[in-house]
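From first to last, the protein sequence lines stand for chains A and B.
FYI, the numbering for the first sequence is 1 to 287, going by our numbering.
FYI, the numbering for the second sequence is 288 to 651, going by our numbering.
The beta-carbon is built from N, C-alpha and C at its ideal position, and this holds for glycine as well.
Here the structure comes first, spelled out in structure tokens, and everything after it is commentary.
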Amino acid sequence: MNKTLNQKAWFFVIPVLVLVAFNAIVPLMTVVNYSVQETFGNNQFFWSGLTWFQEILRSERFHASLQRQLIFTGSILAIEVPLGVMIALAMPRKGFWVSVCLVLMAMPLLIPWNVVGAMWNIFALPNIGLMGKMLNDWGFDYNYTRQVGDAWFTLILMDVWHWTSLVVLLAYAGLVSIPDAYYQAAKIDGASRWAVFRYIQLPKMKRVLTIAILLRFMDSFNIYTEPVVLTGGGPGNSTTLLSIDLVKIALGQFDLGPAAAMSLIYFLIILLLSWIFYTVMTRNEDQ
Amino acid sequence: MTLELRQVGKAIGPEVHIYPTDLLLEPGQFNILLGTTLSGKTTLMTLMAGLEKPTSGQIWFNGRDVTGEAVQKRNVSMVYQQFINYPNFDVYENIASPLRVARLPEDEIRKRVTHISELLRISQMLDRRPDELSGGQQQRCAMARALVKDSDLILLDEPLANLDFKLREELREELPRLFAERDCVVVYATTEPTEALLLGGATATLHEGRITDFGPTERVYREPVDLNTARVFSEPPMNLATVEISNGVCRLTETLSWPAPAILSDGKYTLGLRPHHVSPVQVQADWVPVESTIKVAELAGSESIIHFESYGNQWVSLVHGVHPFETGAAAVLYADMAHAFYFSPDGKLSAAPTVGYGRTKEGN
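Structural data, given as structure tokens:
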């Protein structure tokens, strides 16, 4: 049988290939390139193999930032997901207040990230900021620029304020897509409020919640702007998350090799954890 | 066991959904609510179930006023147009769920679930989850859940509407058997006249929030009390025209006339003719020829549905056999006026074709 070959199709694919090459493949390969070489800044490169990877994986500093990153992401997920679902459940299903609630919810998502950081930076200042001053007036010894606990508290509070809305909106979308008939059927059965949540709303929200958790996981693991503006990674290194550490190595110290190796490890960690999350959350779906 | 509505009405704000309604439903037969979409069938059912409170009137069950009593205390089951099951329970647990809420012992639950799943032919798939079943099986599961407890009132809200034709036929044939030995009031809402006729029992026709007629299904079909009832109970829609009767002759136009039923006095009437009483073939000599322009001729296998315009009226003919027509063609169709309904200008039935127009009420 003779197959008709139509080479024209390539012409349609080429623009996409070029685009992907320029915005993904080329930059990534540059990083790979840096990660296996040593440079002294005068555009001379020497092959160094896997040295940088070994160095990063063994470095105490990397372990510490990774640990901080995991604690940060873990805490905000543990707060934002249940809180988001609770707010979504409390929102009205129909009527005038729906749009008011939705706009209020979307508000934090519309604010530029560095503005969020700056807002909280001022809001929490212990001598003049609204929150910082009030806490101190009430007798709390609150100072996020000096005390580690306070810095973490402010950081997590800021992220919860900024991003819980995303979970709310997604969970709400899942909730309103449940037909009224389900609630009526549950009422006829005499199911309790908890049973309705556990056996109707939660299973029906499962898909959107999977997406919400994945998005929040990836975004919080990548977070840079807000903590940098808020605390700059301090006090000391106590809020230096992975991305902040990476920028310090790459731009502060101009260690291109180790920074490139760290970028790749960072990327692989996010990929791996996202994959684990997704697999665990969807494992029951196609048995 | 009876369900009685006394002047039950429902309004939301200024918008009236159900006008005050009286209805007495008996057990041992299908009580069919027939009406188009938005005619108020579902609202009426939620009122019957006690899911919503009527804004006026009372609901009596078995000689007891149950108006405003919570649905959980009323021993009601309902099946919906959408297939409503608990998404992460398997079929067995879904069917068992009402019994678990009622705290029945485990072996009693197993006995009942086994029995009802055999009745509905889903005993092979008790360990599957709803999303692994076909639409027909999902609806069987939902029905099993409704039937597994001994409800006093079972409401079926267009249960077959979302199924494809074959499954619908199959399940409809089984329905009478499922309810045969139950002592409960069964209410069945549908938009399809054919379904009402096949299920028999009693039919209430709903039109814009009002019950226009209620009685044995056959009677409502053969002698609908008014024009709205006749229109709700006809698919394709009933053919209508304004006619004038004088001196025993009924005229549609100057030239088109036929003998009027003897019991009708002179005056204007609305003529109603079911689509299967209009045909492109003249079978009997007394069928009246009407000149028409063909709009669309749909050939549905062994049936033809011919839409045409005649003397300014949009009419439909439903006939056996294949009758192809060109769109826009001029044609003569034949109307069997011996089967026509006549409605007075206020919409009440004046003459129905049953038994030679003999049994109609006087004075209309």
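What does the alpha-carbon distance come out to for the pair residue i and residue j?
i	j	result
residue 648/B	residue 549/B	Note that residue 648/B scores a pLDDT of 41, beneath 50, so its modelled location is shaky; the value from the coordinates is reported in the next line. The alpha-carbon atoms of residue 648/B and residue 549/B are separated by roughly 13 angstroms.
residue 397/B	residue 169/A	42 angstroms
residue 224/A	residue 234/A	13 angstroms
residue 445/B	residue 468/B	22 angstroms
residue 463/B	residue 473/B	11 angstroms
residue 404/B	residue 554/B	60 angstroms
residue 35/A	residue 238/A	27 angstroms
residue 650/B	residue 383/B	Any answer about residue 650/B is weak, because its pLDDT of 32 lies below 50 and its placement is not dependable; what the coordinates show is given next. The alpha-carbon atoms of residue 650/B and residue 383/B are separated by roughly 57 angstroms.
residue 166/A	residue 476/B	41 angstroms
residue 297/B	residue 493/B	14 angstroms
residue 313/A	residue 183/A	Here chain A covers residues 1 to 287 and nothing more, so residue 313/A does not appear.
residue 250/A	residue 256/A	6 angstroms
residue 260/A	residue 45/A	14 angstroms
residue 287/A	residue 144/A	The pLDDT assigned to residue 287/A is 43, lower than 50, so where the model puts this residue is not dependable, and the model offers no usable value.
residue 294/B	residue 502/B	18 angstroms
residue 179/A	residue 334/B	18 angstroms
residue 96/A	residue 177/A	18 angstroms
residue 490/B	residue 211/A	49 angstroms
residue 254/A	residue 203/A	49 angstroms
residue 117/A	residue 78/A	22 angstroms
residue 264/A	residue 81/A	29 angstroms
residue 10/A	residue 113/A	40 angstroms
residue 466/B	residue 409/B	17 angstroms
Can you tell me whether residue i is buried or exposed, with buried defined as 16 or more other CB within 10 angstroms of its CB?
i	result
residue 443/B	buried
residue 121/A	buried
residue 381/B	buried
residue 188/A	buried
residue 243/A	buried
residue 392/B	exposed
residue 535/B	exposed
residue 642/B	Interpretation of residue 642/B is limited by its pLDDT of 48, a score under 50 that renders its predicted location unreliable; the figure taken from the coordinates is listed afterwards. So residue 642/B counts as exposed.
residue 564/B	buried
residue 24/A	exposed
residue 510/B	buried
residue 201/A	buried
residue 574/B	buried
residue 559/B	buried
residue 162/A	buried
residue 149/A	exposed
residue 230/A	buried
Given that residue i touches chain B, what residues does it touch there, using C-beta distances under 8 angstroms?
i	result
residue 182/A	371
Using the beta-carbon of each residue, which ones in chain A are nearer than 7 angstroms to residue i?
i	result
residue 374/B	203 and 204
What residues from chain B crowd round residue i, counting only those whose CB sits closer than 7 angstroms?
i	result
residue 139/A	None at all; the shortest Cβ gap to chain B is about 49 angstroms.
residue 190/A	359 and 388
residue 179/A	369
residue 171/A	None at all; the shortest Cβ gap to chain B is about 16 angstroms.
Strictly below 9 angstroms CB to CB, what residues from chain A border residue i?
i	result
residue 385/B	188, 189 and 190
Taking C-beta pairs closer than 8 angstroms, name the residues in chain A that residue i reaches, listed in chain order.
i	result
residue 364/B	188
Just the chain B side, please: which residues come within less than 9 angstroms of residue i by C-beta, in chain order?
i	result
residue 24/A	Chain B residues near residue 24/A: none, gap ~36 angstroms exceeds 9 angstroms.
- Message: Which runs of the alpha helix (DSSP H) at least 4 residues long sit entirely within the stretch 203-258 of chain A? Give them in chain order.
- Response: Those alpha helix (DSSP H) runs which fall completely within the stretch 203-258 of chain A and span 4+ residues are 225-230 and 242-247.
- Item | Residues of the stretch 198-229 of chain A with Cβ closer than 8 angstroms to any Cβ of chain B, in chain order | Correct list: 199, 200, 203 and 204.
- May I have a chain-ordered list of the beta strand (DSSP E) segments no shorter than 3 residues that lie completely inside the stretch 547-606 of chain B? Those beta strand (DSSP E) runs which fall completely within the stretch 547-606 of chain B and span 3+ residues are 554-560, 575-587 and 590-597.
- Output, in sequence order along the chain, the residues in the stretch 335-360 of chain B whose CB is closer than 8 angstroms to any CB in chain A. From the stretch 335-360 of chain B, only 336, 338, 358 and 359 have a Cβ closer than 8 angstroms to chain A.
- Give the residues from the stretch 397-415 of chain B that approach chain A closer than 8 angstroms (Cβ to any Cβ), ordered along the chain. Within the stretch 397-415 of chain B, no residue has a Cβ that lies closer than 8 angstroms to any Cβ of chain A.
- Message: Please give me, in chain order, every unbroken run of the alpha helix (DSSP H) with length at least 4 that falls completely inside the stretch 9-45 of chain A.
- Response: Runs of the alpha helix (DSSP H) lying entirely within the stretch 9-45 of chain A and spanning at least 4 residues, in chain order: 9-20 and 26-35.
- Counting only runs of 4+ residues fully inside the stretch 71-145 of chain A, write out the alpha helix (DSSP H) ranges in chain order. Listed in chain order, the alpha helix (DSSP H) elements of length 4 or more contained wholly in the stretch 71-145 of chain A are 96-110, 113-123 and 130-137.
- What alpha helix (DSSP H) runs, 4 residues minimum, are completely inside the stretch 492-517 of chain B? If we require 4 residues or more, the alpha helix (DSSP H) runs fully inside the stretch 492-517 of chain B come out as 504-509.
- Which runs of the alpha helix (DSSP H) spanning at least 4 residues fall entirely within the stretch 360-429 of chain B, listed in chain order? DSSP runs (the alpha helix (DSSP H)) wholly in the stretch 360-429 of chain B: 378-388 and 393-406.
- Message: Give the list of continuous beta strand (DSSP E) stretches no shorter than 3 residues that lie fully inside the stretch 442-485 of chain B.
- Response: Correct list: 472-477.
- Task: Using a Cβ-Cβ cut-off of less than 8 angstroms, give me the residues of the stretch 57-80 of chain A that come near chain B, in sequence order.
- Result: Hits within the stretch: zero.
- Message: Ignoring anything shorter than 4 residues, give me the alpha helix (DSSP H) runs that lie fully in the stretch 147-200 of chain A, in order along the chain.
- Response: Every alpha helix (DSSP H) of 4 residues or more that sits fully in the stretch 147-200 of chain A is shown, in chain order, as 148-176, 180-189 and 193-196.
- Can you list, in chain order, the residues of the stretch 116-131 of chain A whose Cβ is nearer than 9 angstroms to any Cβ on chain B? Cβ contacts with chain B come from no residue of the stretch 116-131 of chain A.
- Item | Residues of the stretch 101-112 of chain A whose Cβ lies closer than 9 angstroms to any Cβ of chain B, in chain order | So the list is empty, because no residue satisfies the distance condition.
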